[in-house]
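Using the working numbering, you'd call the opening residue of the sequence shown number 198 and step up by one each time.
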Amino acid sequence: MSDARREPAPSHLADQPETHPEAMPDTTETKPETTAAETGKPDPGNTQTGKSPAGQPQPNAKPKAKKGRRFLLFIVLPALAAAGGLFAYLHGGRYVSTDNAYVGAQKVLITPEVSGRVTRISVQEGQQLKVGDELFEIDPAPYRIAVESAEAKLAQVKTEFATVKDNLNSLTRLGELARQTVALRQADVARKTELLNNRTASRADVDSSEIALTAARNQVEQIEQQRVAALNQLTGNPDLQLDQYPPYIDATATLDRARRDLTLSHLTAPIAGTATQVSSIQMGRYLSAGSAVFSIVESDKPWVDANPKETDLTYLKPGQEVTITVDAYPGREWRGSLASISPGTGAQFSILPAQNASGNWVKVVQRVPVRIEFAPGEDTTQLRAGMSANVDIDTKRERSLAHLFGIDMSASALASQLPSLSPNAAANPSPGLSH
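Written out as C-alpha cells, the structure is:
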C-alpha cells in the first residue's frame, strides 16, 4: 500500500483514547500499487518524504552541504590566510616608506656687500633667472670716485718708489765722495802737523785743517744717515722691485677694493632659479651692507629630505634606489637614490635638545633625516621647495623561513655552530666513523 500522511486528529477527539490499527478490523480494500513508470507521473514519495517507492529512506543532500561548508571554513580559508601571511612576510620588509618627506632646494638670500641707494631694479617677482642676470644696481658714483682716488694714489706711490731708488743711488755716490774728502783732510792735517813740528807752519794752519777734517766727517755721517733712511724705505733691499714695495702693495689693495666695491654695486644672480619676495626692494631705498633684500630659489637641482623612524634604519645604506611621489602630482613617480644619512636625530640639532636624565621620561621613537637626490634625467621643473612627498626606499632585503623561526643562517653563525676539529680528533677519528 502507498504511504499516506497521518493528519492530526481534531481537537474534540484529542481527549479520546488512541486506538491502534492492529485492534481494529481492516475494512479498507486493497488496491494494486502502480509505479511512476506506469502512470507517467513523478513519485511523490521520492521528492517529498525522501523515501523510495518501496518505502526505503534515501540519503539527504543537506549533510553533504554542511560538510562542504565546514571544509571551506576550517581548512581552505585558514590555509589561504596562512599562505597569504607567509607571502606577505617573505616579500615584506624590503621597502622603507614614509610620508614625512618634503622637497628641498637651495635658497640664496640676496644681500648687497656695499651700502648705497637703489638706482635701478631689473628683476620681477617669480622671474626665472640664469647665472649672471642683472638684479638691481646701487648708486655707483661714490665707488667710482673711490676708484679714481685709488688710481691716483697708486701712481703717486710709483713716483715715490722711483724717487727713493734715485735718492739711494745718489746718496751712495755722495757717501763715497765724502769718505774720499775725509781721507784728503786727514792727509792735510798730518802734513801741516809735521810742518808745525819743523816750525815751518803756524798753529793756525793746523787748526784750519782739523776743522775742515771734522766738517768732512760730519758730512759723511749725514750722507750715511740719509742713505740708511732711503734704504729702510726699500725694506733694506737696494734691489727691491716695485711689486714688493710696501706702499705700492697698499695702494694696489686700495685700488682693488675700490674696484670691487664698484663692481658689487651692480648685483647679479649667483645661481639659476626663481626670484621671490622682490616686493621688499624699492627704488631709491638705502640699503646697508649685509641686509637681506629678496631670495632666489634654485630650480635645477632639488632634493627630498625624508625623516624615517629610527627603527627603519637597520638596512638603509647610501646609494639605494628610491621611488618618490609628490602629493601635488598624484600618479606620477620620480626616481632617485639615497645620498646621505644624518649623523644624528632631528632632536639633537634642535635649539633645546631633549634632556631625559631628570623627571619623568616617556620614550618616543626618534626620526633621522636622510637626503634623497633625484636621478639624472628626471624632470623636476614642476617641483617646488616645501612640497609634501612620499618616498619608498628599496633596501633589497630578502626574508626567509629561517628568519621566521629565528634561525640565523649567516656564514658567521654557521661557522660558530660547527664543532672545531682538534688535531687529536683528526688523528683519532671515532670508532663509529671508521670502517
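Where is the CB? At the ideal position from N, CA and C, for every residue including glycine.
Hey, would you say residue 323 sits closer than 8 Å to residue 511, going by beta carbons? Pairing residue 323 with residue 511 gives a Cβ-Cβ distance that is not under 8 Å.
6 Å CB neighbourhood of residue 423 in its chain, flanking five on each side removed: Within the same chain, residue 423 has close Cβ partners 368.
For the candidate residues 571, 565, 498, whose alpha-carbon lies nearest to that of residue 304? Ranking 571, 565, 498 by Cα distance to residue 304 puts 498 first.
Grab the span of the alpha helix (DSSP H) containing residue 371 for me, first residue to last. It spans 338-394 - the alpha helix (DSSP H) in which residue 371 sits, taken as one unbroken run.
By DSSP, does residue 273 sit in helix, in strand, or in coil? DSSP, read as helix, strand or coil, puts residue 273 in helix.
Let's test the definition: count the other Cβ atoms within 10 Å of the Cβ of residue 526 and tell me whether it reaches 16, buried, or not, exposed. Looking at its Cβ environment, which holds fewer than 16 other Cβ atoms inside 10 Å, residue 526 is exposed.
Alpha carbon to alpha carbon, what distance is there between residue 460 and residue 639? With the chain running from 198 to 632 in the structure shown, residue 639 is simply not present.
Can you tell me the Cα-Cα spacing of residue 343 and residue 335, whole angstroms? Each residue's alpha carbon lies about 15 Å from the other.
Can you find the residues in the same chain that come closer than 8 Å, C-beta to C-beta, to residue 358, ignoring five residues on each side of it along the sequence? 439, 442, 444, 445, listed in sequence order.
How many angstroms separate the CA atom of residue 351 from the CA atom of residue 550? Rounded to the nearest angstrom, the two C-alpha atoms are 56 Å apart.
How is residue 296 classed by DSSP in three states: helix, strand or coil? Strand at residue 296.
Rounding to the nearest angstrom, what Cα-Cα distance links residue 387 and residue 419 in this structure? Taking C-alpha positions only, residue 387 is separated from residue 419 by approximately 24 Å.
Below 8 Å on the Cβ atoms is my guess for residue 382 versus residue 413; work out the distance and round it to an integer in Å. Rounded, the Cβ-Cβ distance is 5 Å, consistent with contact.
So the beta strand (DSSP E) residue 586 belongs to, where does it begin and stop? Per DSSP, residue 586 belongs to the beta strand (DSSP E) from 585-591.
What is the residue span of the beta strand (DSSP E) that residue 534 lies within? Its beta strand (DSSP E) spans residues 530-538.
Inter-stretch contact (C-beta, 8 Å, three-pair minimum) for the segment 541-548 and the segment 558-570: Yes, the segment 541-548 touches the segment 558-570.
Considering residue 594, what are the terminal residues of the alpha helix (DSSP H) in which it resides? Annotation: residue 594 is outside any alpha helix (DSSP H) and is labelled neither H nor E by DSSP.
What are the residues that DSSP puts in a beta bridge with residue 325? Residue 325 is bridged to 471.
Taking the alpha helix (DSSP H) that residue 461 falls in, what are its first and last residues? Unbroken alpha helix (DSSP H) run through residue 461: 443-461.
C-alpha gap between residue 536 and residue 464, whole angstroms: Distance from the CA atom of residue 536 to the CA atom of residue 464, rounded to whole angstroms, is 33 Å.
Buried or exposed: which applies to residue 222, given that a residue is buried once 16 or more other Cβ atoms fall within 10 Å of its Cβ? The predicted model places residue 222 with a pLDDT of 44, which falls under 50 and marks its position as unreliable, so this point remains unresolved.
Between the segment 264-279 and the segment 481-497, are three or more C-beta pairs nearer than 8 Å? Contact fails: fewer than three Cβ-Cβ distances are below 8 Å.
Buried or exposed by the 16-neighbour rule on C-beta atoms within 10 Å, applied to residue 219: Any reading at residue 219 needs caution, since the residue's pLDDT is 43, under 50, leaving its predicted position unreliable; the model's value is listed next. By the C-beta density criterion, residue 219 is exposed, having fewer than 16 other C-beta atoms within 10 angstroms.
If you reduce the DSSP assignment to three classes, tell me which class residue 486 lands in. Three-state DSSP puts residue 486 in coil, outside helix and strand.
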